[in-house]
Amino acid sequence: MARTKLYTIIYVVLFVLATAQVAVEQVDLLGYWAAIAVIAVLSMVKALFVAGYYQHLVWEPRSLSYLMLIGFVGFIALTVAASYSIL
Numbered sequence: 268m269a270r271t272k273l274y275t276i277i278y279v280v281l282f283v284l285a286t287a288q289v290a291v292e293q294v295d296l297l298g299y300w301a302a303i304a305v306i307a308v309l310s311m312v313k314a315l316f317v318a319g320y321y322q323h324l325v326w327e328p329r330s331l332s333y334l335m336l337i338g339f340v341g342f343i344a345l346t347v348a349a350s351y352s353i354l
């Protein structure tokens, strides 16, 4: 329970980032592709916060984090390969 304050701060940061994503979508100041890029970057930041703190990767050995990174790179490679096979 000592990390309750930290988890609350991370929750508030995630809430603010989600609100920023909705604002980027609704305000329509940016072009379509710029808005997609901003939303993608905000999503990656949110994913890093969730993986790092809620899945406790910050306190795990680095080897486990590298293993997760290898899995993520494999996921991206398969997704890109699948998208090119549809074309």
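Numbering-wise (my numbering), the sequence shown opens with residue 268 and increments by one. Don't be surprised by glycine CBs; every beta carbon is placed ideally from N, CA and C.
C-beta contact flag for residue i and residue j at 8 Å
i: Val291; j: Ala302; result: yes
i: Leu297; j: Val305; result: yes
i: Val312; j: Leu284; result: yes
i: Ile277; j: Phe316; result: yes
Buried or exposed (CB count within 10 angstroms, at least 16 for buried), residue i
i: Tyr274; result: exposed
i: Tyr320; result: buried
Span of the alpha helix (DSSP H) around residue i
i: Trp326; result: Trp326 -> no alpha helix (DSSP H), and no H or E assigned at all.
i: Tyr299; result: Tyr299 to Phe316
i: Gln288; result: Thr271 to Val294
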